[in-house]
Amino acid sequence: PLSSTTAVLRHARKHGYAVAAFNVHTLEMLQAVVDAAIESDAPLILQTTVGTVQHLGADYIAAAAEVAASRTRLPIGLHLDHCTDYNVVVRCIRAGYTSVMIDASMHPYEENVERTARVISVAAAVGVNVEAELGKVGGVEDDIVVDARDALLADPEECVSFVARTGVDTLAPAIGTAHGIYKGDPNIDFDRIARIAGSVDVPLVLHGGSGIPPDQVRRAVALGMAKMNIATELRIAFSDAIKRVFEERPGENDPRKYMVPAKEAVKRLALEKIALCGCAGRG
Ligand code: 13P
Ligand code: ZN
Ligand code: NA
2 PLSSTTAVLR
12 HARKHGYAVA
22 AFNVHTLEML
32 QAVVDAAIES
42 DAPLILQTTV
52 GTVQHLGADY
62 IAAAAEVAAS
72 RTRLPIGLHL
82 DHCTDYNVVV
92 RCIRAGYTSV
102 MIDASMHPYE
112 ENVERTARVI
122 SVAAAVGVNV
132 EAELGKVGGV
142 EDDIVVDARD
152 ALLADPEECV
162 SFVARTGVDT
172 LAPAIGTAHG
182 IYKGDPNIDF
192 DRIARIAGSV
202 DVPLVLHGGS
212 GIPPDQVRRA
222 VALGMAKMNI
232 ATELRIAFSD
242 AIKRVFEERP
252 GENDPRKYMV
262 PAKEAVKRLA
272 LEKIALCGCA
282 GRG
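Position 15, counted from 1, in the sequence shown is what UniProt numbering calls 16; the numbers after and before it change by one each time, with no gaps.
Pasting the structure below:
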């Protein structure tokens, strides 16, 4: 069966590695990251956004993830990424998701606490992990003034009270990363990661994993980031492989002929990211 992500993430935090959490959009992407985890002997978190739940159906996704989990003794979790809607959270839990993110980071702090606590009251009863976000990931521009940037990043003292008040299992503090590929290098506030990790003991989640230089990933993980989300790079690898097939053979009409290279490209990238997170051999 699918595993709750709580135990693996606590183990990761305690032992200074991160679990790779891959956003998947198709069955082939899911299979490719599962293959990479099995080959790496690594725990794995499969995740989908709300958009993908609408695209594929939570039941189809959960069924495919269950098949993956039944084929290995490695812990595989299924996580709902960046969900703002309580009802979708509950539907996904019912479908078999073992972890959910309630993203109320766009609301004022008190409302974020309330919305997170509400999800925890249902999720905890069924052993489902809850992730929440403090500060705002993304939208950080290179030329943003320090004060404004500071306002977007998670405040370490708020992290302490947020964890205490909500009982959240895993925390995604905004520390300067962003979704998508960075124009230059990301502007990661490592001191802030250290301060947050020093004051809360829950596993921390690194969002915006695509495009972070490897040495910076390793540094963030060493400081306490125990889950790294990777979405954009995976989509690009998948799509580019398909585009290459059609550039060479515009008339190709056998889905297996373009899905096989796409799967291989996703698997190669997932192997790299698993190694970078330090979770290979941790299964
Ligand atoms: P990237 O698209 O930068 O990999 O971010 C992934 C993410 O944080 C998903 O929640
Ligand atoms: Zn994210
Ligand atoms: Na990114």
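Here a beta-carbon is modelled for each residue, glycine too, at the ideal position from N, C-alpha and C. For clarity, every value in this text was computed on a predicted model and none was experimentally measured.
Query raised in the report: Cα-Cα, which of His12, Pro109, Asp190 is closest to Glu159?
Result: In the sequence shown, counting from the first residue as 1, residue 159 sits at position 158. Ranking the options by Cα distance to Glu159, first place goes to Pro109.
Report task. Buried or exposed for Phe247, please, with buried defined as at least 16 other CB atoms from any protein chain shown within 10 angstroms of its CB. Result -> The residue labelled residue 247 in the question sits at position 246 within the sequence shown. So Phe247 counts as exposed.
Query raised in the report: Could you check where the alpha helix (DSSP H) with Leu207 kicks off and where it finishes?
Result: By one-based count along the sequence shown, residue 207 stands at place 206. Note, Leu207: premise wrong, no alpha helix (DSSP H); beta strand (DSSP E) at 205-207.
Query raised in the report: Based on the DSSP output, what are the partners of Lys15 in its beta bridges?
Result: Start at 1 with the first residue of the sequence shown, and residue 15 comes out as number 14. Paired residues: none, contrary to the question.
Query raised in the report: From Thr117 to Val203, what distance separates their C-alpha atoms?
Result: Taking the first residue of the sequence shown as position 1, residue 117 is located at position 116. Taking the first residue of the sequence shown as position 1, residue 203 is located at position 202. So the two alpha carbons sit approximately 15 Å from each other.
Report task. Quick one: measure Cβ to Cβ for Gly212 and Glu234, integer angstroms, because I've assumed they're closer than 8 Å. Result -> Along the sequence shown, one-based indexing puts residue 212 at 211. Along the sequence shown, one-based indexing puts residue 234 at 233. That belief holds up - the Cβ atoms of Gly212 and Glu234 are roughly 7 Å apart, short of 8 Å.
Report task. State whether the region 2-19 contacts the region 213-229, with contact taken as three or more CB pairs (one from each stretch) at a distance under 8 Å. Result -> yes
Report task. Kindly list the residues whose CB is nearer than 7 Å to the CB of Asp36, restricted to its own chain and excluding five residues on each side of it in sequence; keep chain order. Result -> Residue 36 sits at position 35 when you count from the first residue of the sequence shown. Once the five neighbours on either side are set aside, the close Cβ partners of Asp36 are Lys268.
Requested in this report: Grab me the residues of Ala33's own chain with a C-beta within less than 7 Å of its C-beta, minus the 5 sequence neighbours each way, in chain order.
Outcome: Counted from its first residue, the sequence shown places residue 33 at position 32. The residues are Lys264, Val267, Lys268, Ala271.
Query raised in the report: In chain order, what residues of the same chain lie with their CB nearer than 8 Å to the CB of Arg166, ignoring the 5 residues before and after it?
Result: For the purposes of this step, residue 166 is identified with residue 165 of the sequence shown, where counting begins at 1. Excluding positions up to five away in sequence, the list reads Val114, Ala118.
Requested in this report: State yes or no: is the C-beta of His180 nearer than 7 Å to some heavy atom of the ligand 13P?
Outcome: Here residue 180 corresponds to residue number 179 of the sequence shown, with the count starting at 1. At least one heavy atom of the ligand 13P is nearer than 7 Å to the Cβ of His180, so yes.
Query raised in the report: For the beta strand (DSSP E) that contains Cys270, what are its first and last residues?
Result: Here residue 270 is taken as the residue at index 269 of the sequence shown, counted from 1. One point to set straight first is that residue 270 is Leu, not Cys, in the sequence displayed. Run containing Leu270: none in the beta strand (DSSP E); it sits in the alpha helix (DSSP H), 256-278.
Query - Heavy atom of the ligand 13P within 7 Å of Asp82 beta-carbon - result: One-based indexing of the sequence shown puts residue 82 at position 81. Yes, Cβ of Asp82 sits closer than 7 Å to a heavy atom of the ligand 13P.
Query raised in the report: Quick one: is the Cβ of Thr49 within less than 7 Å of any heavy atom of the ligand 13P?
Result: Counting from 1 along the sequence shown, the entry for residue 49 is found at position 48. Thr49 Cβ: outside cutoff for every heavy atom of the ligand 13P.
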